[in-house]
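Each remark here refers to the structure printed beneath this line.
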Amino acid sequence: MRSDEVKKGIERTAHRALLKALGITDEEMNKPFIGVANAYNTIVPGHMMLDKVTQAVKEGIYS
Numbered sequence: 001m002r003s004d005e006v007k008k009g010i011e012r013t014a015h016r017a018l019l020k021a022l023g024i025t026d027e028e029m030n031k032p033f034i035g036v037a038n039a040y041n042t043i044v045p046g047h048m049m050l051d052k053v054t055q056a057v058k059e060g061i062y063s
């Protein structure tokens with residue numbers, strides 16, 4: 001998987017240490033990394049609900 005480029009191999013030891021310091025478990029380390037981005041802000045009224053949508057997406061990914 002593409003995220004292995006960040007976390008596999010002897011040359012990525014420092015990367016793994018930082019991820020562990022962030023609280024990433026061994027189980028999570030063996031799963032693909034999925035980034036979730038959104039345009040939530042308090043200026044554009046149509047974007048006000050995007051934080052809730054993003055949270056629902058993240059919960060779906062974790063389950």
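Residue 49 in this note's numbering sits at position 49 of the sequence shown; the count goes up by one each step and never skips.
In this text, a Cβ means the ideal position worked out from N, Cα and C, and glycines have one as well.
Since the structure is predicted, the reported quantities are computational estimates derived from the model, not experimental observations.
Using the C-alpha atoms, what's the distance from Thr54 back to Val36? On the sequence shown, position 36 is the one that residue 36 refers to. On the sequence shown, position 54 is the one that residue 54 refers to. Taking the straight line from one Cα to the other gives about 7 Å.
Assign Met49 to one of three DSSP states: helix, strand, or coil. The residue labelled residue 49 in the question sits at position 49 within the sequence shown. In this structure, Met49 counts as coil in the three-state DSSP scheme.
Check whether Tyr40 and Asp51 have beta carbons under 8 Å apart: If you number the sequence shown from 1, residue 40 lands on position 40. If you number the sequence shown from 1, residue 51 lands on position 51. A contact, by the Cβ cut-off of 8 Å.
What separation, rounded to the nearest whole angstrom, lies between the Cα atoms of Lys8 and Ser63? Counted from its first residue, the sequence shown places residue 8 at position 8. Counted from its first residue, the sequence shown places residue 63 at position 63. Each residue's alpha carbon lies about 24 Å from the other.
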